[in-house]
Amino acid sequence: TTANDTVTIGGERIETRRFTGGDTLDEPVLKTIMRDVKGVGRRVREIIWPFRRGQTFDFRSIEEGLSRGFNNEGVEGEMAGVKDWDLWGPLVFCLAISLLLSWSAPQAKDKNSQTSNSKNVMFSGVFVLIWLGLMVLTVNIKLLGGSISFFRALCVIGYGLFPLVISALLSLVLRHKLLVVKIVVNAIVVSWSVFAVRNALLHSGVWGSRSFLALFPVGLFFITLGWLCVI
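Sequential numbering of the sequence shown, starting at 112, is according to the working numbering.
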């Protein structure tokens, strides 16, 4: 078990943990896995659906360039899911999107009537694109003066991929049918992702007067992934 102390350095809250005895090295593997799965689920719920009972969106905070977009004294400007970051969720969502888009890729044949490796190219291309995009966006946030840590920002943007898993699944089911429906659904999904990531980073005190410069690449990144789900 551990006991926690919280200190504030440079405007960012840092939590230190003191070991107070006991260990988890001998706990069952299934218990460890389930704890990680529950943690991923909690972060999805906190980042992708930031609304809570008693929270209201404060539009004045956007106009004034403040670092908070929701009024809730309980979170103290920072969600627990953002503070306790991990990369399991982004990895799972990245794999899911890459697999679904590769499965929905058309089967092409070369002159020798042999199936081409278009699916493998799609999987590797989307996987690399997502992780490179996540890292570039995170570096951009840090260069713009974001107080959030590198891996915490990477975690937040990575969890923003969750709605795009739904879009990629829809692309696999519909294939090349109902293009208008796919476009409408992807527009909603991309907007959802951008909105969720933006609010999660607001809780971490990232946005300031340079909010547009940090948010625009995030929107462009999710629009690109959404368009891949359409085509």
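We put the CB at the ideal spot given by N, CA and C, even for glycine.
Quick one: is residue i buried, meaning 16 or more other Cβ sit within 10 Å of its Cβ, or exposed?
{"i": "Phe332", "result": "buried"}
{"i": "Gly200", "result": "buried"}
{"i": "Trp196", "result": "buried"}
{"i": "Asn297", "result": "buried"}
{"i": "Leu248", "result": "buried"}
{"i": "Gln225", "result": "Low per-residue confidence applies at Gln225: pLDDT is 47, beneath 50, and the placement is therefore not dependable, though the value from the model is reported in the following sentence. Classification for Gln225: exposed."}
{"i": "Ile144", "result": "exposed"}
{"i": "Val292", "result": "exposed"}
{"i": "Phe234", "result": "buried"}
{"i": "Val329", "result": "buried"}
{"i": "Val151", "result": "buried"}
{"i": "Arg146", "result": "exposed"}
{"i": "Leu411", "result": "Residue 411 is absent from the model: the chain starts at 112 and stops at 342."}
{"i": "Leu141", "result": "exposed"}
{"i": "Leu243", "result": "exposed"}
{"i": "Phe204", "result": "buried"}
{"i": "Val148", "result": "exposed"}
Below 8 Å on the Cβ atoms is my contact criterion, and I expect residue i with residue j to pass it. Report the Cβ-Cβ distance as a whole number of Å.
{"i": "Leu211", "j": "Leu283", "result": "5 Å"}
{"i": "Ser278", "j": "Val250", "result": "Not confirmed; about 26 Å, so no contact."}
{"i": "Ala311", "j": "Gly257", "result": "At roughly 12 Å, the Cβ-Cβ gap does not stay under 8 Å, so Ala311 and Gly257 are not in contact."}
{"i": "Ile208", "j": "Val237", "result": "6 Å"}
{"i": "Arg321", "j": "Leu255", "result": "5 Å"}
{"i": "Ile252", "j": "Ile241", "result": "No, Ile252 and Ile241 are not in contact; Cβ-Cβ is about 17 Å, not under 8 Å."}
{"i": "Leu198", "j": "Gly269", "result": "7 Å"}
{"i": "Val341", "j": "Ile294", "result": "6 Å"}
Kindly say whether residue i, judged by its beta-carbon, lies nearer than 7 Å to any beta-carbon of chain C.
{"i": "Met145", "result": "The structure shown contains no chain C; it holds only a single protein chain."}
### Query
Between the stretch 210 to 218 and the stretch 279 to 290, do three or more beta carbon pairs fall short of 8 Å?
A contact exists between the stretch 210 to 218 and the stretch 279 to 290.
### Task
Inspect the CB distances between the stretch 295 to 306 and the stretch 251 to 265 and report whether three or more fall short of 8 Å.
No, the stretch 295 to 306 does not touch the stretch 251 to 265.
### Query
Which runs of the alpha helix (DSSP H) spanning at least 4 residues fall entirely within the stretch 271 to 303, listed in chain order?
Here the runs fully enclosed are 273 to 285.
### Message
Closer than 8 Å is the cut-off here; do at least three beta carbon pairs connect the stretch 153 to 162 with the stretch 268 to 281?
### Response
yes
### Query
Could you give the uninterrupted runs of the alpha helix (DSSP H) lying entirely in the stretch 197 to 221, keeping only those of 4 residues or more?
Qualifying alpha helix (DSSP H) stretches, in chain order: 199 to 215.
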